[in-house]
Each structure stands twice: as C-alpha cells, then as structure tokens.
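Here the first sequence stands for residues 0 to 503, where the numbers follow numbering that gives the first Met the number 0. Accompanying notes for the structure given below.
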Amino acid sequence: MNQSTTDSKPRVRFAPSPTGMLHVGGARTAIYNWAFARHNGGTFVLRIDDTDPERSTKENTQIILRAMSWLGLDWDEGPCLDDGGQERSEGDYGPYFQTQRSDFYAQALQKMRDNGSAYPCFCTPEELTAKREAAKQAGVAYEGYDRSCRNLDPAVAQARIDAGEPHCWRLKVPLDHGPVEFDDAVRGRLSFPIDVLDDFVLVRSDGTPTYNFASVVDDACMGITHIIRGDDHISNTPKQILVFEALGAPLPTFAHLSMIWGPDGKKLSKRHGATSVEEYKAQGYLPEVMVNYLALLGWALAGETTKFSKDTLCEHFTLDHISKNPAIFDAEKLDWLNSVYIREFSPDEFLEHLVPHLIAAGLCTQQEVEDKRDWFLGIRPLIFERIKRMTEAPAMVAYLFSGPTVSLDEASVAKVLAKEGSKAILEALEQALAADDLEWDAAAIEAALRALPPALGQKPKTVFQVARVALCGNMVSPPLFESIHLIGREDSIARLKAAESAAM
RNA sequence: GGCUCCAUCGUCUAGCGGUUAGGACAGCACCCUUUCAAGGUGCAGAUACGGGUUCGAUUCCCGUUGGAGCUGCCA
Numbered sequence: 000m001n002q003s004t005t006d007s008k009p010r011v012r013f014a015p016s017p018t019g020m021l022h023v024g025g026a027r028t029a030i031y032n033w034a035f036a037r038h039n040g041g042t043f044v045l046r047i048d049d050t051d052p053e054r055s056t057k058e059n060t061q062i063i064l065r066a067m068s069w070l071g072l073d074w075d076e077g078p079c080l081d082d083g084g085q086e087r088s089e090g091d092y093g094p095y096f097q098t099q100r101s102d103f104y105a106q107a108l109q110k111m112r113d114n115g116s117a118y119p120c121f122c123t124p125e126e127l128t129a130k131r132e133a134a135k136q137a138g139v140a141y142e143g144y145d146r147s148c149r150n151l152d153p154a155v156a157q158a159r160i161d162a163g164e165p166h167c168w169r170l171k172v173p174l175d176h177g178p179v180e181f182d183d184a185v186r187g188r189l190s191f192p193i194d195v196l197d198d199f200v201l202v203r204s205d206g207t208p209t210y211n212f213a214s215v216v217d218d219a220c221m222g223i224t225h226i227i228r229g230d231d232h233i234s235n236t237p238k239q240i241l242v243f244e245a246l247g248a249p250l251p252t253f254a255h256l257s258m259i260w261g262p263d264g265k266k267l268s269k270r271h272g273a274t275s276v277e278e279y280k281a282q283g284y285l286p287e288v289m290v291n292y293l294a295l296l297g298w299a300l301a302g303e304t305t306k307f308s309k310d311t312l313c314e315h316f317t318l319d320h321i322s323k324n325p326a327i328f329d330a331e332k333l334d335w336l337n338s339v340y341i342r343e344f345s346p347d348e349f350l351e352h353l354v355p356h357l358i359a360a361g362l363c364t365q366q367e368v369e370d371k372r373d374w375f376l377g378i379r380p381l382i383f384e385r386i387k388r389m390t391e392a393p394a395m396v397a398y399l400f401s402g403p404t405v406s407l408d409e410a411s412v413a414k415v416l417a418k419e420g421s422k423a424i425l426e427a428l429e430q431a432l433a434a435d436d437l438e439w440d441a442a443a444i445e446a447a448l449r450a451l452p453p454a455l456g457q458k459p460k461t462v463f464q465v466a467r468v469a470l471c472g473n474m475v476s477p478p479l480f481e482s483i484h485l486i487g488r489e490d491s492i493a494r495l496k497a498a499e500s501a502a503m
C-alpha cells in the first residue's frame with residue numbers, strides 16, 4: 000500500500016516528547032528505529048515533539064539528546080546537542096523541533112480547510128469536560144465529541160471566527176469512508192470501524208497543533224517511510240491515517256512495539272525503580288549493555304545468542320522478527336549482562352572504565368593513575384570476576400587506599416567461623432595482627448603468620464587461606480597477595496609466597 | 001461501556017503444520033574452592049482454556065478467560 004519504489008532508502012524517526020527523561024521504553028523504540036535505518040542504509044531522524052507547552056522543557060530535550068548520544072544512537076538529521084542554549088537543527092527537512100514548525104502546520108490546516116476535511120469548533124474545553132462528566136455521572140458511555148459544530152453553516156462559522164471567537168479546528172471524519180485498515184509490520188492487518196473515530200482536535204484554540212496532527216504533518220513533510228513506535232499509538236493510527244489521506248500524503252509503513260512492563264505486569268513506572276536511561280547510566284550500567292539488553296526485549300538474534308554488539312544488531316535487525324507480546328523488564332538479567340561485558344574487558348579497558356569511579360569516590364586522582372598505571376592495572380584481577388557494575392568498585396577496593404589496617408569482612412568471617420576449627424585460627428590471627436608492636440611491619444606480619452600454624456596445630460595452607468579471607472574481605476587467594484603487593488610490600492609478599500609454598 | 005492489541009518454562013525468547021518444544025537469566029544439586037564470585041556438569045520448569053480446520057496442531061480459524069492500550073484543545 001506504499002513504498003512501491005524498492006530502490007529508495009527508508010527514512011525513520013524517533014520523536015520523543017521532552018516531558019521527562021529518556022524512558023527505557025522510549026530508548027528501545029529509538030534503538031529499533033536506529034537499527035532499522037542502519038540495517039537498510041536508511042536515514043535516522045531525531046525529532047523533538049514539544050507541542051505540549053505545559054510539560055516540555057529545554058532541559059529535558061538536552062537530557063534526551065545526551066542519553067541518545069551515550070547509548071551511541073547517532074542520528075543523521077535532527078537537533079544538535081546544546082552548545083550554548085540555542086536550539087539548532089541539522090538536516091534538509093528541518094527544523095526538527097515541532098515548536099519551530101508552525102508554518103508547516105498552518106499550511107497543512109489550510110489545505111484541509113480548503114478540501115473540507117477540517118472544520119472550526121467553538122465548544123470550549125470546559126463545556127466538553129462537563130459533557131464528559133455528565134455522561135459519566137449518568138452511567139452512560141461517553142462516545143466522544145458530539146460533533147455539534149460539524150455542520151455549522153460555513154458563513155456563520157466564518158463570521159464567528161472573524162468576530163474573534165475562540166475556536167479549535169477538528170478533523171471531519173469521512174463517515175462514508177469504510178473501515179480504516181493498514182498492514183502493521185509487526186502485527187499484520189489491523190482494521191478499525193470508521194464510526195468509532197472521533198472528530199479529534201487538529202489545532203488548539205491557541206493555534207498550536209496537537210500531537211496527532213503535528214506528527215502526521217511532520218512525518219509527511221519529512222518523507223518518513225516507516226513509523227516504528229510504541230503500541231500505545233495503535234489506536235491513534237487510524238486517526239492519523241485519515242489525516243495522511245486528507246493531506247494527500249503517501250502512507251508510511253507502521254510497526255507497533257509492545258510496551259515494557261514492570262515485574263508486576265503493569266506499565267513500567269517509578270515504583271518499579273529506575274525507569275530512565277540516565278538513571279541506569281548513573282547506576283553503572285554500560286551503554287552497550289543497555290542497547291544489548293533493551294534490544295533483547297522483543298527481538299532475538301536467532302534465539303540463541305544473548306550477547307551481541309551494536310554492529311551485529313544492525314547487521315541482523317529486521318521488523319518481521321519483533322515479538323508481539325509485552326516484555327517484563329528483568330533487572331537481574333540486566334545485571335548479569337553488565338557483568339559479562341565487564342568480565343570481557345581487557346585490562347586496559349577495565350582500567351579506563353574503573354578510573355572515573357575511583358576519582359569520583361575521592362580515592363585517587365587522574366595524575367596518580369598516570370604515574371602508577373601498573374599499580375592500578377593490578378586492581379582488575381581483584382574484582383573483575385564478581386563486580387556487576389563499576390559503581391560497586393570504589394567500595395570493593397577502598398581498602399587498597401586506606402593504608403595498612405586490618406578489617407574483617409563480616410559476611411565472610413561469619414561463614415568461615417561456621418567451619419570446623421576456623422574460629423581458633425581466626426582469633427589467633429586477629430590477635431597476632433592486632434599486636435601493638437606489629438605496626439604493619441612486613442617482616443613482623445610474616446613472622447606472625449608463620450608462627451600461627453605450628454601454634455594452632457594446623458596446616459599452613461589452611462591458616463594462610465583463613466588469613467586471606469579475614470584480611471581482605473572477599474579476596475580470593477591470588478588477589479590478597481596482589482593487594483598486599485599493591486600496598487607496596489613487595490618484599491614481604493615474596494617471602495610470604497615463599498613461606499606458603501615451602502610450607503605446603 | 002465502546003474500539004483495539006496481546007497470550008510458549010517464574011522472566012526474556014526460538015519455533016513460522018510433523019521437534020524428545022531449543023537457548024539465556026533466575027532457581028536447585030554436584031564439582032572446583034575453608035569465604036564470595038567466576039567456571040564446569042546435571043536437574044527442575046512452558047505451549048492459558050474450549051471448540052473447530054487437518055492424516056496431524058504450539059503453529060491456521062472461532063469463542064472463553066486473563067492482561068494491556070486508547071477512548072483529552074497529553075504525547
């Protein structure tokens with residue numbers, strides 16, 4: 000029913016409203032649009048649907064733009080990131096802020112007035128609200144606008160307009176149209192009876208366009224070929240199709256994505272925890288993980304592969320494999336995927352991601368990292384196997400920066416204490432290391448540790464392992480040595496290692 | 001109420017008339033390890049229900065049930 004030209008490249012758009020941060024549901028929509036454009040060598044347009052003056056802000060626009068950039072979803076046309084407070088756009092179909100496109104809407108409305116598909120309505124919002132309420136009170140179903148202004152005499156209507164009477168413009172739904180039908184790229188053929196469609200408002204009495212009007216005008220002007228969006232817009236689609244038709248514009252292909260739900264099967268919201276991309280960024284999730292995970296909510300690569308790069312996504316992404324059912328956001332799987340990416344970092348990559356968090360936590364400076372790069376490189380083996388998010392790192396390695404103090408990890412100690420014979424070892428260890436004259440002297444520590452096994456009648460191996468747990472919290476054995484090494488006690492550690500291997 | 005969408009393990013999904021219904025997360029067990037992880041092996045776990053169509057339905061059709069969305073001068 001459209002796009003008969005097979006050689007033309009698709010043009011898709013992501014059109015968020017700057018009424019809040021970038022929601023993960025919106026992010027997934029953006030990802031699919033982006034991947035579709037990249038897969039087909041098409042164009043990805045970013046448009047800001049800021050027609051709601053009440054809730055739209057410049058700050059939110061910038062937050063969304065930054066979130067898009069962070070995710071690596073580069074757009075070919077659209078607004079520029081803020082470089083001084085001015086809202087600027089780049090691309091041949093701009094501007095890309097709806098508030099800057101009023102001329103297009105005025106022209107479109109004029110066209111619809113001329114061909115009789117739009118009419119002025121003088122009912123006030125208050126009157127309509129009252130009617131809605133009355134119907135509700137009476138227990139009668141409100142069937143939408145009663146079309147009381149639809150058949151006003153054109154001359155009379157014009158006179159009222161000329162007299163300055165406030166009015167909005169409504170779509171004159173062609174009642175003889177027959178059902179409005181379209182082929183949804185993910186759901187197949189959808190059909191809506193014409194008589195349930197409302198004569199909805201195109202242009203408000205203040206002259207601004209409504210979403211259902213502005214969106215269609217822009218999609219038509221911008222040559223959008225595929226509209227990939229959330230399925231909360233399914234019901235809007237027949238109305239919008241009527242506007243496309245009234246405008247004489249070719250119909251794009253629609254693809255409606257199911258919602259992302261919270262664990263309780265309800266729309267994902269604040270009470271489920273983080274909902275915006277910004278929040279996940281702050282919590283230490285990697286952008287490539289967010290893209291990977293979100294892409295997985297409704298799309299699968301051959302059904303077997305869960306970890307894939309953005310390039311792989313673009314290479315394989317097609318609309319016909321998008322699943323129709325809603326997906327529940329699974330925070331545990333997100334954590335898992337993030338930890339997988341972290342584990343696969345090279346030492347250099349790991350350090351690169353780690354440093355900002357160490358600095359933010361006040362544990363070190365950039366200069367120190369540069370001066371002692373090898374030392375910092377040594378942190379990775381200590382934590383990379385069990386860290387899920389980089390934000391956890393400062394707490395896990397703080398002891399490395401806090402000087403030579405003996406601290407016991409309570410959870411580990413509890414477990415160790417539960418083991419047969421461990422309690423005595425631990426107590427002896429604690430006592431030995433707490434001795435005043437020890438003062439964290441390498442030789443003294445070594446002597447204290449070496450003296451323990453015979454004193455307790457335990458195998459050296461056992462005592463050393465308990466020591467590791469007690470000293471370094473959750474460190475596994477090699478890391479303890481490395482950590483002591485990191486603290487700058489190369490000599491003592493060499494001797495400790497020698498002592499242990501000799502003892503075993 | 002009206003219109004519309006959705007329905008495979010707890011979760012994300014593969015499947016596009018014939019499969020022992022596959023994978024991943026989570027769970028459990030064992031191995032490794034005197035902690036925690038990571039890793040290895042294994043176990044358990046699903047076609048919502050009822051009718052059709054068909055030689056044969058997870059797959060196609062209808063209904064029921066359950067869930068969701070829209071029903072604004074919000075988007």
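Each residue gets a CB set at the ideal place from its N, CA and C atoms; glycine is no exception. Since the structure is predicted, the reported quantities are computational estimates derived from the model, not experimental observations.
For the pair of segments examined, the segment 56-71 was found not to touch the segment 327-341: the number of CB pairs separated by less than 8 Å stays below three. Rounded to the nearest whole angstrom, the C-alpha separation of Leu72 and Cys313 is 11 Å. With contacts defined as CB atoms closer than 8 Å, Leu362 and Ile378 fail to qualify as a contacting pair. Gly229 has Leu256 as its beta-bridge partners, per DSSP. Arg131 is positioned such that its CB atom lies closer than 8 Å to that of Tyr141. Within the same chain, no residue comes within 8 Å of Ala154 by CB-CB distance, once the 5 residues on both sides are set aside.
Note on the segment 124-193: whole alpha helix (DSSP H) runs with a minimum of 4 residues are 124-136 and 153-161, in chain order. Excluding the 5 residues flanking it on each side, Ser101 has no same chain C-beta neighbour closer than 7 Å. With a cutoff of 8 Å on beta-carbon distance, Val185 and Ala254 are scored as near each other. For the pair Ala117 and Lys171, the CB atoms are nearer than the 8 Å cut-off. Considering only Arg46, Arg27, Pro78 and Ser16, the residue with the shortest C-alpha distance to Asn59 is Ser16.
From the listed residues Leu201, Ala281 and Glu277, the smallest Cα separation to Gly19 is found for Glu277. Every alpha helix (DSSP H) of 4 residues or more that sits fully in the segment 243-321 is shown, in chain order, as 276-281, 286-295 and 309-315. If you check the CB distance, Pro262 and Ile341 do not come in under 8 Å.
The residue among Glu369, Glu426 and Ile358 with its C-alpha nearest the C-alpha of Val396 is Ile358.
In the three-state DSSP reduction, Ser88 falls in the strand class (E or B).
Straight through space, the alpha carbons of Phe307 and Ala248 are spaced by roughly 38 Å. One alpha carbon belongs to Gly90, the other to Lys280, and they sit about 29 Å apart. If you draw a straight line from the Cα of Leu293 to the Cα of Ala26, it comes to about 8 Å. Sorting Pro325, His176, His320 and Met389 by C-alpha distance to the C-alpha of Pro355 places Met389 at the top. Beyond the five residues adjoining it in sequence on each side, Trp298 comes within less than 8 Å, by CB distance, of Tyr31, Phe316, His320, Ile321 and Ser322 in the same chain, given in chain order. The alpha-carbon of Thr311 is positioned some 12 Å away from that of Ala301. Straight across, the Cα-Cα distance linking Arg228 with Ala245 is about 22 Å. Here Ser147 is exposed, its C-beta having fewer than 16 other C-beta atoms within 10 Å. Around the CB of Gln239, 16 or more other CB atoms lie within 10 Å, so the residue is classed as buried. Annotated three-state conformation of Pro78 is strand, per DSSP.
Secondary structure at Pro119: strand, using DSSP grouped into helix, strand and coil. Between Phe96 and Ile47, the C-beta spacing is below 8 Å. Judged by DSSP in its simplified three-state form, Ala392 adopts helix. Residue state for Phe212 is assigned as helix, using DSSP reduced to three classes.
If you draw a straight line from the Cα of Arg203 to the Cα of Ala162, it is about 18 Å long. The alpha-carbon of Ala392 is positioned some 19 Å away from that of Glu287. Nearest neighbour of Tyr144 by Cα position, chosen from Ala158, Leu318 and Arg169, turns out to be Arg169. Between the C-alpha atoms of Met289 and Leu70 there is a straight-line separation of about 7 Å.
In the DSSP assignment, Leu381 falls within the alpha helix (DSSP H) that extends over Arg379 to Ile382.
Of the other Cβ atoms in all chains shown, 16 or more fall within 10 Å of the Cβ of Arg449; this residue is therefore buried.
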